[in-house]
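All remarks here apply to the structure that follows.
Shown next, in the form of structure tokens:
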């Protein structure tokens, strides 16, 4: 079975909790995140090794 691809919308506390849960699973890859605050999205992407960051 192939891995599920996930995107996180909102890179605050709840987004980080979701990302931690996804990373604990071998069946999910986080491929993108989105947050209207540029620094928040970029920090999240760096911390969780997310390749794509969106502000909109």
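Residue numbers (the numbering used here): 2 to 57.
Just so you know, even glycine gets a beta-carbon here, dropped at the ideal spot from N, CA and C.
Since the structure is predicted, the reported quantities are computational estimates derived from the model, not experimental observations.
Locate the beta strand (DSSP E) running through residue i, then write down its first and last residues.
| i | result |
| --- | --- |
| residue 46 | Run containing residue 46: none in the beta strand (DSSP E); it sits in the alpha helix (DSSP H), 39-49. |
| residue 53 | 53-55 |
| residue 33 | 29-35 |
Quick one: what's got a C-beta closer than 8 Å to residue i's C-beta in the same chain, skipping five residues either side?
| i | result |
| --- | --- |
| residue 5 | 28, 29, 30 |
| residue 2 | 28 |
Report the rounded CA-to-CA distance for residue i versus residue j, giving the unit in angstroms.
| i | j | result |
| --- | --- | --- |
| residue 48 | residue 56 | 17 Å |
| residue 17 | residue 43 | 13 Å |
| residue 11 | residue 37 | 8 Å |
If contacts are defined as beta-carbon pairs under 8 Å, then residue i and residue j qualify, I think. What distance do you get, rounded to the angstrom?
| i | j | result |
| --- | --- | --- |
| residue 33 | residue 8 | 4 Å |
| residue 13 | residue 41 | 7 Å |
Provide the residue span of the alpha helix (DSSP H) that contains residue i, from first to last.
| i | result |
| --- | --- |
| residue 4 | First-last for residue 4: undefined, no H or E at that position. |
Less than 7 Å between C-beta atoms, sequence neighbours within five positions excluded: which residues of the same chain meet that for residue i?
| i | result |
| --- | --- |
| residue 19 | 9 |
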